[in-house]
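Heads up: the structure comes next, in structure tokens.
Protein chains: 2
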Amino acid sequence: MSVARENKPPVIADVARLAGVSVPTVSRVLTGAAKVSPEKQKRVQDAIAELHFRPSAAARALVSRQPRIIAVLAGNTSRYGYAETIRGIEESARADGYLVTITVVESAEHDDVDTAVSLVLDQPIAGIIVLKFDPPGVAALHKIPTDIPTVSISGVRENLVPQAVLAEADAAREMTDYLLDLGHRTVHHVRVPPSRREDGRTTGWRAALLARDAPVPEISDAGWDPESGRAIGRELATRPEVTAVFCGNDEIAMGVIRGLTEGGRAVPADVSVAGFDDHPLAAMWSPPLTTVRQDFAGLGTRAYGLLTKVVARETVRKYSSERPSLVVRESTAAPRGDR
Amino acid sequence: MSVARENKPPVIADVARLAGVSVPTVSRVLTGAAKVSPEKQKRVQDAIAELHFRPSAAARALVSRQPRIIAVLAGNTSRYGYAETIRGIEESARADGYLVTITVVESAEHDDVDTAVSLVLDQPIAGIIVLKFDPPGVAALHKIPTDIPTVSISGVRENLVPQAVLAEADAAREMTDYLLDLGHRTVHHVRVPPSRREDGRTTGWRAALLARDAPVPEISDAGWDPESGRAIGRELATRPEVTAVFCGNDEIAMGVIRGLTEGGRAVPADVSVAGFDDHPLAAMWSPPLTTVRQDFAGLGTRAYGLLTKVVARETVRKYSSERPSLVVRESTAAPRGDR
DNA sequence: GTGAAAGCGCTAACAC
DNA sequence: GTGTTAGCGCTTTCAC
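These protein sequence lines map, in sequence, to chains B and H. Sequential numbering of the first sequence, starting at 1, is according to the numbering used here. Sequential numbering of the second sequence, starting at 1001, is according to the numbering used here.
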């Protein structure tokens, strides 16, 4: 009989026995850490195949002190930007032989943050990437012990840990300038839940307005659900002075357009609406949505790259992406009076 | 000095020393497995806090043989249905103290499948959930050794492993019947990449047509990107006999509507278009999309529940969800001649 | 209740 | 090259 232990998964000792070599020799062919004679190599290989042996990841992680898992902490996983960023992280990690875990931080409340962070800390992980796009993400970052390799992803620079950033503020400013250049007196802003007091999109929008001496209208706060944008759109439809709206993301922009339309205002004839992100459906929308293209997957990739350096204890510095780019489609136009 | 080992994370022995107890006693207060006197309990607790001690997950996984991680294998992670299903899995797992990993199976090619499955198998995991929505998912499922606790999620029943299913075929049939009842002579079908020769949506559509002796038009194959739906929509726009289109998912339906519109056909005046999934943007679309609501998150939750039973070696049987429900909105109407 | 001793399955160190 | 000896940091007997 070749199966040494009834019903239990084979261990390295079983392989060694079957191949007629010592345990470390099996380990050597497994890791390739040292030379093994071709003959024994083959015997070991055969034994492994025969027993369907797979080394225990738990034992390896214990002895080598290098778990092959990285954790992602995020306030959300299914909205477009989040999902794409995670996709970018996973893709790079997989190519590198790392598995990635995702855990969502339901809210910035102590209990939720603690649950999520503890869950991650209680597993054998190599490092953590936190998506600091919203308050839960920010709260989570602050709860992570400083001795754990950590990287954050954000729309604004900060110095807590190395981070991959998107130059959101610059892009928002560019978008606002574009709208102003079209002839709009000012630009209204519908914000998605910000990560701090104010996120990059809002900052850039305000800066552009102030730089041109345009009035700074009160901000409308939306949630993550497009439905919340619709309600805001309906409200905006009742205010004739609103001719241009810059939204925190495309999904909200789509809701806003819907609400505006329901309220009797045509887009872009009566009011121009712009989004942010370049959601896959933005081009399908009617009218096709003017927006800002963000390379979320690339952001994830860069964050992963940063993390591997931190894990390897190399010195790293803050990273910065190329600026997101303006994509002009048909949901924006010059105001009525100007045409 | 209370820190026993310079620069290294504290281990259980450090805690024991500081608290003046034995290592097993510390372990006992950690796990709560056995009684410890209140006094020592407190000393241990204090030592843990002082040292910021966290037990090594790797060591625990090794000795207890019960990793607290479950893996999800999927052909995709960011499209709506996938992302929502994963969200459901993660939510239940987190509540249960399990971490979830995600790994993408890029294609059904041997190399991609092998990379993904090996990655997962090389880590300390308790079990696997595979999203069998597409060919990569199906291929991955077949590569998983049978001794690993595994559950699949799918739109059609099969018997390989326990699975959480959505009664897609029934819902598709209901949708097709609804369209036929409106007075359409037949219903065209735009398919998303199927998991097997034919998935539940296509099967249900065909069954409904056959049952009513309606002609069964040739199927149009779309990809996952809405853009591919748009191309199909343009093509469909050139064929006057097309008056009703049932699409494999909402994103494709939105693309099809766009293409149809660009081709000069009005929706629903000239042609009715229905989707599948009830994407968050479906209600925002113009016209608001008629679709089928699927409870993806619930599906994920049920799959997780199944997996925990398999892990615990309880006997389980196939699960089945309530049937998805029809959501009639404004993208469908009676054909022109009937009005 | 509590400590000593014995592993979990693997890799690292060290001879030969 | 290869085997022997030691652990990795915990939990689990098993005495007392």
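Backbone N, C-alpha and C fix where the C-beta goes; we use that ideal spot for every residue, glycine too. If you're wondering where the values come from, they're calculated on a predicted model, not measured in any experiment.
Between Val26 of chain B and Val44 of chain B, the C-beta spacing is below 7 Å.
Counting only runs of 3 or more residues that sit fully inside the segment 1078-1156 of chain H, the beta strand (DSSP E) segments are 1099-1104, 1127-1131, 1150-1154, in chain order. Taking 4 residues as the shortest admissible run, the segment 1214-1262 of chain H contains the following complete alpha helix (DSSP H) segments, listed from N- to C-terminal end: 1226-1237, 1250-1262. In this structure Ile1128 of chain H does not touch Ala1164 of chain H by the C-beta definition: roughly 13 Å separates them, more than the 8 Å allowed. Residue pairing by DSSP places Arg191 of chain B opposite B:Asp221 in a beta bridge. Under the three-state reduction of DSSP output, Gln45 of chain B falls in the helix class. Ser325 of chain B: member of the beta strand (DSSP E) spanning 325-327, first to last residue. Less than 7 Å separates the beta-carbon of Pro1287 of chain H from that of Glu1330 of chain H. Within the segment 68-82 of chain B, the residues whose Cβ lies closer than 8 Å to some Cβ of chain H are Arg68, Ile69, Ala71, Thr77, Ser78, Tyr80, listed in chain order. Closer than 7 Å to the CB of Asp122 of chain B there is at least one CB belonging to chain H. Within a 10 Å sphere around the beta-carbon of His52 of chain B sit fewer than 16 other beta-carbons, which makes this residue exposed. In terms of Cβ geometry, Arg1201 of chain H and Gly1248 of chain H form a close pair [threshold 7 Å].
Residue range 1069-1074 is occupied by the beta strand (DSSP E) that includes Leu1073 of chain H. Tyr1082 of chain H and Ala169 of chain B have their C-alpha atoms some 31 Å from each other. The continuous alpha helix (DSSP H) containing Thr176 of chain B extends over residues 168-181.
Within chain B, the residues Asp147 have their CB atoms less than 9 Å from the CB of Pro1009 of chain H, given in chain order. In this structure, the alpha-carbon of Gly1255 of chain H lies about 21 Å from that of Gly1075 of chain H. In this structure, DSSP gives Val1311 of chain H a helical state, which the three-state scheme calls helix.
Rounded to whole angstroms, the gap between the alpha carbons of Tyr1178 of chain H and Glu91 of chain B is 41 Å.
Pro280, Leu281, Met284, Ser286: these are the residues of the segment 269-287 of chain B whose beta carbon lies less than 7 Å from some beta carbon of chain H, given in chain order. Neighbours of Ile1086 of chain H across chain B, judged by C-beta separation under 7 Å: Thr77. The CB of His142 of chain B never comes closer than 8 Å to any CB in chain H; the least such distance is about 15 Å. Our two residues, Gly1229 of chain H and Val1267 of chain H, have alpha carbons roughly 15 Å apart in a direct line. Proximity of Thr1332 of chain H to chain B, defined by a Cβ-Cβ separation below 7 Å, is not satisfied. By the neighbour-count definition (other C-beta atoms within 10 Å, threshold 16), Pro1240 of chain H is an exposed residue.
For Val187 of chain B, same chain residues with a beta-carbon under 6 Å away, outside a window of 5 residues either side, are Thr176, Leu179, Ala244, Phe246 in chain order.
As computed with DSSP, Gln1066 of chain H is found in no beta bridge at all. When DSSP states are grouped into helix, strand and coil, Arg293 of chain B belongs to the strand group. In this model, Val1242 of chain H and Ala1207 of chain H are separated by some 19 Å (Cα to Cα).
Distance from the CA atom of Thr1238 of chain H to the CA atom of His1189 of chain H, rounded to whole angstroms, is 16 Å. For Val23 of chain B, the enclosing alpha helix (DSSP H) starts and ends at 23-31. Distance from the Cα of Asp1295 of chain H is smallest, within the candidate group H:Trp1285, H:Arg1185, H:Leu1306, H:Ala1167, for H:Ala1167. Judged by their CB atoms, Leu299 of chain B and Thr1101 of chain H are not nearer to each other than the 7 Å cut-off.
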